[in-house]
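Participant: Can you keep this structure in mind? I'll have questions shortly.
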Amino acid sequence: MSKMKKGLAGALLAGVIVGGLSGGVSASSSGLTENGGSEIIESSQGVTESYVKDTQSGFSTNATSGEISGGYWIRGKRDGRVVSEYKHYQKEGRASVTNGAGYHDDGGWKAKNVWSKADLDWSFWGTNKSYYDYR
4 MSKMKKGLAG ALLAGVIVGG LSGGVSASSS GLTENGGSEI IESSQGVTES YVKDTQSGFS
64 TNATSGEISG GYWIRGKRDG RVVSEYKHYQ KEGRASVTNG AGYHDDGGWK AKNVWSKADL
124 DWSFWGTNKS YYDYR
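Those letters in the sequence shown? Residues 4 to 138, by our numbering.
So, in structure tokens, the structure goes:
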């Protein structure tokens, strides 16, 4: 095989490997949330708590307060950390966070009525984000 063909094949293979490993962090492509939602946590934000409803479409971008037809979500900035805590009343629930440096913490799937908790150091650059999910 010529050097040109080997170089092209190597570049294509590297593109496939890198593309598959660094697909970026987004709720739709990485599986961070299947049914839940997310919220960008601003630097001036404290901790927010609310009831969140199950969604019919499978993805929600906003938390809805007042109904216990899903779970309870706590998220925000606490003591220099971005936090997410979630429990679902009828299903398994999971909380996770991503900080502006690109690190991700996942509280793991927990049984109904058991808190899943995730937190990371707050990042002053990039986007700090909290997630919840249920199944």
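Ideal Cβ positions, reconstructed from N, Cα and C, are used throughout, including at glycine.
Using 8 angstroms as the cut-off, can you tell me whether the segment 120-138 makes contact with the segment 86-95, which would need three or more C-beta pairs spanning the two stretches below that distance?
Facilitator: Taking 8 angstroms as the limit for Cβ pairs, the verdict is that the segment 86-95 does touch the segment 120-138.
Participant: From 128, 52 and 38, pick the residue whose C-alpha is nearest to that of residue 104; which is it?
Facilitator: Minimum Cα distance to residue 104 is reached at 128.
Participant: In three-state DSSP terms, what is residue 126?
Facilitator: The answer is coil: DSSP assigns residue 126 none of H, G, I, E or B.
Participant: Let me make sure I understand the geometry here. Which of 79, 95 and 91 has the alpha-carbon closest to that of residue 102?
Facilitator: The candidate whose alpha carbon is nearest that of residue 102 is 79.
Participant: Determine which residues share a DSSP beta bridge with residue 90 and list them.
Facilitator: Partner(s): 75.
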